[in-house]
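Visitor:
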Amino acid sequence: MAQQVSRRSFISGAAAGTAALAAAGTATAFAATPGADHATADNAIVDDTPAIDYLAWVGEAPTISEDQISDTVEADIVVVGGGNAGCMCACAAAEEGASVVVIESQAQDSIFYYGLHDIASINSQFVLDQGVDPIKKSAFIAEYQRRNNNRTDPRLIKKFVDNSGELVDWLVANSPAEVADKVYVHNLDTNQAYFDNGGDTNGFKCWRGSIQIDFNGAAATMVEQAESQGAKWFWQTTGVVLTTEETTGTVCVDSTDENGVLTSTETEVPQTKVTGVIAQDVDGNYIKFVANKAVVLACGDYGANPKMYAALQDEQRNLFQAHGLSTDNMTCAMFGRDGSGIKMGMWVGGSMDPVTRTLVSPQVMYSSDTYSTNLLRWGAGFQGGQNPWGSPFMWVDASGRRFTDETFMGVFGQLMRAERNKPGRYYAIFDSKYAEQIAAMAPEHFGMPIGDGDYFDFDSTFASWVERGAEGGEVDEGNTVCAWGAQSLDELFEYMGLSDDVKATTKATIDTYNGFCETGEDEDFGRDPNTLLSISEPPFYAIMSVEEKPMVGTCALNGLVIDENQAVLDKNYEPIPGLYATGNNSGGRFAVQYSTPMPGLTLGLAMTLGRVLGKELAAK
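Residue numbers (my numbering): -5 to 614.
1. So, for Ile97: in the same chain, excluding its five sequence neighbours on each side, which residues have a beta-carbon less than 8 Å away from its beta-carbon?
2. Quick check on Gly378: does DSSP put it in helix, strand or coil?
3. Distance check for Met435 and Asn185, CA to CA, integer angstroms please.
4. Decide if Ile432 is buried, meaning its Cβ has at least 16 other Cβ atoms within 10 Å, or exposed.
5. Just tell me which of Val67, Tyr588, Ala84, Glu512 has its CA closest to the CA of Ala220.
6. Out of Ala613, Glu515, Ala600, Glu610, point me to the one whose CA is closest to Asp615's CA.
7. Measure the alpha-carbon distance for Val162 versus Ala171 and round it to whole angstroms.
8. Check whether the segment 186 to 203 touches the segment 116 to 136, counting contact only when three or more Cβ pairs, one atom from each stretch, lie closer than 8 Å.
9. What's the C-alpha gap between Arg583 and Ile151?
10. Run the proximity test for Arg311: is its beta-carbon closer than 7 Å to any non-hydrogen atom belonging to the ligand ZN?
11. Quick test of your reading: Leu527 and Lys427, contact by CB under 8 Å. State the CB separation rounded to the nearest angstrom.
12. Below 8 Å on the Cβ atoms is my contact criterion, and I expect Ala114 with Pro593 to pass it. Report the Cβ-Cβ distance as a whole number of Å.
13. Curious, which full-length alpha helix (DSSP H) runs of at least 4 residues does the segment 485 to 518 contain?
14. Excluding the five sequence neighbours on either side, which residues of its own chain have a C-beta within less than 8 Å of the C-beta of Arg411, listed in chain order?
15. Within the same chain, show all residues whose beta-carbon is closer than 8 Å to that of Lys614, passing over the 5 residues directly before and after it, in chain order.
16. Quick one: grab the DSSP three-state call for Ala613.
17. Should Asn144 go down as buried or exposed, given a rule of 16 or more other Cβ atoms within 10 Å for buried?
18. By alpha-carbon positions, which one of Leu236, Thr257, Thr237, Glu239 ends up nearest to Cys246?
19. So for Thr57, helix, strand or coil by DSSP?
20. Would you grab the beta carbon distance between Asp147 and Glu558 for me? Rounded to a whole angstrom, and I think it's under 8 Å.
21. What do you reckon, are the CB atoms on Leu595 and Asn578 nearer than 8 Å?
22. Using CA coordinates, which residue listed in Ala187, Ala133, Trp164, Ile537 is at the minimum distance from Met82?
23. Assuming Pro591 and Arg141 are in contact, meaning their beta carbons sit under 8 Å apart, how far apart are those beta carbons, in whole angstroms?
24. Does the segment 508 to 519 come into contact with the segment 557 to 572, if we say contact requires no fewer than three beta-carbon pairs (one atom in each stretch) closer than 8 Å?
25. Nearest-angstrom Cα distance between Ala498 and Ser454?
26. Would you list the residues sitting across from Leu236 in a DSSP beta bridge?
27. Assuming contact is defined by CB atoms lying nearer than 8 Å, are Val52 and Met324 in contact in what I supplied?
28. Check the C-beta distance from Leu492 over to Thr500 and give it rounded, since I have them as a contact under 8 Å.
29. Does the Cβ of Met66 have 16 or more other Cβ atoms within 10 Å, making it buried, or fewer, making it exposed?
30. Roughly how many angstroms separate the alpha carbons of Leu182 and Gly343, rounded to a whole number?
31. Kindly indicate the opening and closing residues of the alpha helix (DSSP H) around Val460.
32. Out of Tyr489, Ala292, Val268, Phe120, which one is the CA nearest neighbour of Tyr108?
33. So, under 8 Å CB-CB, Val555 and Asp347 are touching, yes? Tell me the CB distance rounded to an integer number of Å.
34. In three-state terms, what does DSSP make of Asn579?
35. From the DSSP output, in three-state form, read off Phe387 for me.
36. Go to Thr215, then tell me how far its alpha helix (DSSP H) extends in each direction, as first and last residue.
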């Protein structure tokens, strides 16, 4: 008797599988109690942390009857969400002659395109014309996949590599002059020591190639151009639910006979085809949008949805619970996206990306009202407001001990290490060679620029710390930050308020670290020898951070499972006819953490893949 080989199935929104997955996908996170005795028969550790239902956030799709529909609009392509990825998708499709409508919840006169608009690209002509060396595409793909443990879809990364240069050149060419004239290449004149050392740190390679552009200042021009080509934006209109029809399709089914011989047979199966979307405008009216070719979900991430965040970002949830904090307010720091696009895809049978620990988090180290600076972000009040992400200096914990390789790549790799330690104070300690130290660091995600008037004025800022002594650093508003400068380490430790024991431990730690710098080998954590500079030449500096709660991040980067064509896949990894996802509605792009061989990969990937998708759908 033939036996059908079942395919792997991940979290699915298909109605048939939801209940079973909800039951099977329930887990309990345990909060560790410092100093607790080992459990015994009479002294058992009882955990009352509520179980997490990984599918509770999906909910039921709303039902909108035909008599509730006030208007019907028809187009080739309906894009739900007009942000960075959706805008690029619509503009590209309109360029290629398709009829396009865009449903965007924000108002036209106040829309904000989220992100810092540093946009990664590979071999754009604009970047090459600035003197940047061409990038070997295969090397970039290999580095990207290595950083992500090969858990991202290399086919999507290849599409980015092959098309991101064209995207950037298009952006520059189609921006108004006041925007185009100010576009610049990130890290063009900084971090030269990194490249002189062979272009890697700890075996991680980075490249120059990203641009900084004021997309918020350019987007209106691009929308206007797309509208002149027939595209239509529906502002202050929100997608509610997808419309579908039942159809049939052909899939290949693997089976084995009684002798174990494997065969593949094309079989006709029932399918759910997405035909459009019902949306609601600012006045409460329901509009049916009919898509002749495709619906594209580009609604952004789920960072403003605590239920989704707690269920899907399991590492952050467990850290919150270990800190004794409620997960009810686990939301991302910047973006207001509620996961509506993902839920719409799940309601018609889509699958959720199983890689869940993926988010951008430029504020990993939390600062309360008491402390206005941290190891990662030194306060917007400093001159220029420059945020030096990923401090390269030696770090110690509250006891005065090093705890990590401070130069570990991934922007937040080393910072997440601090977060996994005991909450409390952390310090970055360095000396007068800070410019040399910064120059030796990789240019990953801004780096820490030195000596450019357009950037942060480290020299004057650090000098002011020395002048203020025990009072610490000063920001523009006159507020004091927890940062100090002194002519001796003993004096610095006194300003920092360290106990005698911690002073002794911190001094011993620095002595050990300086020994590693002399021998060129970090025997404790394996820090790249090209970045080892001793803490030996006054003045000396320290910056304090207080880690009070785990990171909440900026945006979540896992979404619906898609294939290389960005079609949304069902639980059997078959495309759902008529449905696509791009930007932060889609998965397959990031894993482990936000690891960047080049700054601006979130927007670079989103906007490039959005533009590619628009072109491909228009050609159908």
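Every residue, glycine too, gets a C-beta built ideally from N, C-alpha and C. Just so you know, these numbers come straight off a predicted model, no measurement behind them.
Guide: The answer reads as follows:
1. Val72, Val73, Val74, Gly75, Gly76, Phe228, Thr231, Thr232, Gly233, Val271, Ala273, Phe283
2. Because the pLDDT at Gly378 is just 30, under 50, the model does not fix this residue reliably, and the point stays unresolved.
3. 6 Å
4. buried
5. Ala84
6. Limits of the chain in this structure are -5 at one end and 614 at the other, which puts residue 615 out of reach.
7. 15 Å
8. yes
9. 7 Å
10. You won't find the ligand ZN in this model; it holds no ligand whatsoever.
11. 5 Å
12. 7 Å
13. 494 to 513
14. Phe397, Thr398, Phe402
15. Lys287, Ala288
16. coil
17. exposed
18. Thr257
19. coil
20. 7 Å
21. no
22. Trp164
23. 7 Å
24. no
25. 30 Å
26. Val271
27. no
28. 6 Å
29. The sequence shown places Thr at residue 66, rather than the Met named in the question. Burial call: exposed.
30. 46 Å
31. 452 to 462
32. Ala292
33. 6 Å
34. helix
35. coil
36. 209 to 222
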